[in-house]
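Below you'll find the structure, written out as structure tokens, and then a few comments.
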Amino acid sequence: MSASIVLWVTLAVFAQESVWNFYDAQVPAELRQYLTSAGLVGLIMGMDNLLGVLIQPWMGFVSDRHARNGRGRWAIVLTGAALASIPFVLIPWTGDLPTLMLCIVAFAATANAFKGVTETLVSDYLSPAHRGKAQGFVKAGVSLTIVVSALISLLVVDRSITLAFALPPVLMLVLLTTSWVFLGRRHSTAVAEAKEEGEPTDFTSPWAVVKDMVRDPSRARALLMLGIFCFAGMWSALRALMTPYGTETLGLSRGAAGGLALPGAVAFLVCVVPLAYASSRLGQIRAIRYGVGLFVVGLLIGFASPTVPGTVVSLVVTSIGYATFAVNALVALWDLAPSRHVVGTYTGLYTVASSTGAALGPALLGFTVDMTGWRFMLLDGALLAAITFVVFTRLARRVTPAA
Numbered sequence: 595m596s597a598s599i600v601l602w603v604t605l606a607v608f609a610q611e612s613v614w615n616f617y618d619a620q621v622p623a624e625l626r627q628y629l630t631s632a633g634l635v636g637l638i639m640g641m642d643n644l645l646g647v648l649i650q651p652w653m654g655f656v657s658d659r660h661a662r663n664g665r666g667r668w669a670i671v672l673t674g675a676a677l678a679s680i681p682f683v684l685i686p687w688t689g690d691l692p693t694l695m696l697c698i699v700a701f702a703a704t705a706n707a708f709k710g711v712t713e714t715l716v717s718d719y720l721s722p723a724h725r726g727k728a729q730g731f732v733k734a735g736v737s738l739t740i741v742v743s744a745l746i747s748l749l750v751v752d753r754s755i756t757l758a759f760a761l762p763p764v765l766m767l768v769l770l771t772t773s774w775v776f777l778g779r780r781h782s783t784a785v786a787e788a789k790e791e792g793e794p795t796d797f798t799s800p801w802a803v804v805k806d807m808v809r810d811p812s813r814a815r816a817l818l819m820l821g822i823f824c825f826a827g828m829w830s831a832l833r834a835l836m837t838p839y840g841t842e843t844l845g846l847s848r849g850a851a852g853g854l855a856l857p858g859a860v861a862f863l864v865c866v867v868p869l870a871y872a873s874s875r876l877g878q879i880r881a882i883r884y885g886v887g888l889f890v891v892g893l894l895i896g897f898a899s900p901t902v903p904g905t906v907v908s909l910v911v912t913s914i915g916y917a918t919f920a921v922n923a924l925v926a927l928w929d930l931a932p933s934r935h936v937v938g939t940y941t942g943l944y945t946v947a948s949s950t951g952a953a954l955g956p957a958l959l960g961f962t963v964d965m966t967g968w969r970f971m972l973l974d975g976a977l978l979a980a981i982t983f984v985v986f987t988r989l990a991r992r993v994t995p996a997a
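Below you can see the structure in the form of structure tokens.
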């Protein structure tokens, strides 16, 4: 595995995620200037997930065609980054809600158009045997974008909000351009190697790719999509409801409850690369299955010990379980794809499954809490996550050892 290739691909993904993290951190405050309803703010902030579901599969398919024709994916990445930077920089300059919404929608649409394409670069430059390990470094880099966003918020926002919104896109453009300088010339070689494999390329649209997935006799790819949907939903639910759980069950203040996730975030960062290497030996599907099992165990620990130390241990264990999924899920989907020429489309389909799960998961767990009470939230989550474990258990029995 080429360390330089992994470095520059990680830098490219880090660049775009830095903008998204700052967007999630500061755009709600901009909306609060015009909206008093937290529900409306949350609805608007969730709109980028809906746009991702609609846009990313199509843009992934377009990028696959560009790659097959020798043009590569970089033109889409760099053009999309430049276009997305314009409405992002203009957000703090807006003076009314309609103009602000125009900038938000424009950014979310253009940023989603190249987000999945950038993530697909991993599959272009690295062989299947090395993709899992490379994803470990990519995910570690992505986790560091939270630090970058926090530093900009801490050091710049209160002094100049316009400068604060200008820094992330400038950083993104500089880092993406730097990555392209070092990787762009190698892309034609990577694409040529894929062509030499002689894989089928007769898919005429993303829907043709989906139909091929559904008609697969083993149902392995469809099961993996279901597993991604379920696990992304439970992880999103745990993150969304942990603060009210901390206030309602543990008696913490809102700030202290919000800080419960910090040890888990550190555990994710520390473990993600070693887990990627271990998963390359175990196989992605088997590793995810173990990760889901660990996730369930972590939730049961928290339920058995409804204290601050018990909850912290619970979140550390569940974060390690989620890290196993985060490293391997997309790689496993790439490995099950019928051709290297549709990995961009499969990246978009991963977004469909994970974003839909993330949107519905908090509501599902929230309804179970309404029925059982906050004290049983972690047990409810464990029971729902057990369904995910069953899905990956069935999937592990259907895929080949190489997958």
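Residue numbers (our numbering): 595 to 997.
Ideal Cβ placement from N, Cα and C applies to all residues, glycine included.
Close-in-space but distant-in-sequence residues of the same chain around residue i (CB under 8 Å, 5 per side omitted)
i      : result
Leu694 : Glu624, Leu625, Tyr628, Ile685, Thr688
Ala947 : Met819, Leu820, Ile822, Phe823, Ala826
Val866 : Gly730, Lys733, Ala734, Ser737, Ala917, Ala920, Val921
Ala997 : Summary for Ala997: the model assigns pLDDT 40, below 50, so the residue's position carries little reliability; its value from the coordinates is reported in the next sentence. These residues qualify, in order along the chain: Ala814, Gly877, Gln878, Ile879, Ala926, Asp929, Leu930.
Met639 : Asp618, Val621, Pro622, Leu625
Straight-line gap, residue i to residue j (C-alpha atoms, nearest Å)
i      : j      : result
Arg875 : Ala881 : 9 Å
Thr905 : Ser721 : 40 Å
Thr987 : Val751 : 47 Å
Glu713 : Val607 : 6 Å
Ile914 : Phe889 : 8 Å
Ala855 : Val741 : 14 Å
Ala851 : Thr843 : 10 Å
Trp774 : Leu869 : 28 Å
Asp806 : Val716 : 23 Å
Ala723 : Gln878 : 11 Å
Ile981 : Gly885 : 14 Å
Phe682 : Phe708 : 15 Å
Val768 : Pro762 : 10 Å
Asn706 : Gln650 : 6 Å
Ser754 : Cys697 : 19 Å
Val993 : Phe983 : 16 Å
Tyr940 : Val985 : 19 Å
Leu817 : Leu989 : 6 Å
Ala979 : Leu634 : 29 Å
Thr630 : Thr756 : 23 Å
Leu645 : Tyr944 : 14 Å
Thr604 : Leu863 : 14 Å
Val711 : Ala728 : 16 Å
Gly942 : Gly951 : 14 Å
Pro995 : Ser847 : At Pro995, the pLDDT of 49 sits below 50, so the modelled position is not reliable and the matter cannot be decided from this model.
Where the alpha helix (DSSP H) containing residue i begins and where it ends
i      : result
Gly938 : 937–966
Asp618 : 597–625
Asp810 : Taken as a continuous stretch (DSSP letters only), Asp810 belongs to no alpha helix (DSSP H), as it is neither H nor E.
Ile895 : 878–898
Tyr839 : 814–842
Val656 : 641–662
Pro932 : Unbroken run through Pro932: none, as it is neither H nor E.
Ile543 : Examination of residue 543 is not possible in this model, given that the chain is present from 595 through 997 alone.
Leu846 : Note, Leu846: premise wrong, no alpha helix (DSSP H); not H, not E.
Ile999 : With the chain covering only 595 through 997, there is no way to say anything about residue 999.
Contacting residues, own chain, Cβ-Cβ under 7 Å from residue i (five flanking each side not counted)
i      : result
Leu770 : Ala606, Ala609, Val671, Leu672, Ala675
Leu765 : Ala609, Ser612
Gly726 : Ala870, Ser873, Ser874, Gln878, Val921, Asn922, Val925
Thr704 : Gly674, Leu677, Ala678
Leu601 : none
Ala861 : Val910, Ser913, Ile914
Closest by C-alpha distance to residue i, when choosing among the options
i      : options                        : result
Tyr719 : Asp642, Gly666, Pro763         : Gly666
Ala953 : Val732, Val925, Leu832         : Leu832
Ser999 : Ala957, Val803, Asn922         : An answer regarding residue 999 cannot be provided, because it is not within the stretch 595 to 997 covered by the chain.
Ile895 : Phe970, Ala814, Leu863, Trp928 : Phe970
Pro956 : Gln620, Ser612, Gly726, Met828 : Met828
Ser747 : Ala814, Val621, Val993, Leu767 : Val621
Gly892 : Val902, Pro900, Val911         : Val911
Asp642 : Phe701, Leu958, Val993         : Phe701
Asp964 : Leu777, Arg662, Tyr839, Ala990 : Tyr839
Trp614 : Pro811, Ala744, Ala859         : Ala744
Phe961 : Arg883, Leu835, Gly942         : Leu835
Ala760 : Ile680, Trp652, Asp810         : Ile680
Gly858 : Ser908, Pro800, His935, Leu943 : Ser908
Gly887 : Ala976, Ser596, Pro903         : Ala976
Thr739 : Ser949, Phe616, Asp690, Pro692 : Phe616
Leu648 : Trp968, Leu749, Ser949         : Ser949
Proximal residues to residue i (C-beta, below 6 Å), its chain only, five neighbours per side dropped
i      : result
Leu973 : Phe897
Val937 : Thr714, Ser717, Trp928, Ala931
Ile599 : Tyr719
Residue i CB to nearest heavy atom of the ligand MN below 6 Å
i      : result
Val808 : Among the ligands in the structure shown, none appear at all, so the ligand MN cannot be discussed.
Let me know the beta strand (DSSP E) ranges lying completely inside the segment 687–773, each 3 residues or longer, listed in chain order. none
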